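Residue numbers (the numbering used here): 1 to 116.
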């Protein structure tokens, strides 16, 4: 199966390397997965980032039922939440900030905005 056309919502190779180890295998009893996980993730991002409906996925993505079903399983297992947490930590580290701020901590700018 060749690589499909790319979309602006697709992950870069660097982004894929970061999140790929966090994704549980797509399990189909008795047979290997028909669709590459990266294509499934890119299809999810096409919907989430682009605002399309699941059934409006282009034909070169896996079937929308497959993509939506995998999204639901990952959501139920809190996989997407863990990915967002990891990416947030990476961004905070890149900005030179504490990757795990204390609850209730705030930036000086936000504190000034709350001062009457």
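A virtual CB, placed ideally from N, CA and C, is assigned to each residue, including glycine. Please read these numbers as outputs of a predicted model, since none were measured by experiment.
At a Cβ-Cβ threshold of 7 angstroms, residue 57 and residue 37 do not count as neighbours. Three or more Cβ pairs closer than 8 angstroms define a contact, and the segment 36-51 meets that threshold against the segment 61-70. DSSP, read as helix, strand or coil, puts residue 35 in coil.
Counting along the chain, the unbroken alpha helix (DSSP H) around residue 89 starts and ends at 79-94.
By a beta-carbon distance limit of 8 angstroms, residue 9 contacts residue 49. Their separation comes to about 4 angstroms.
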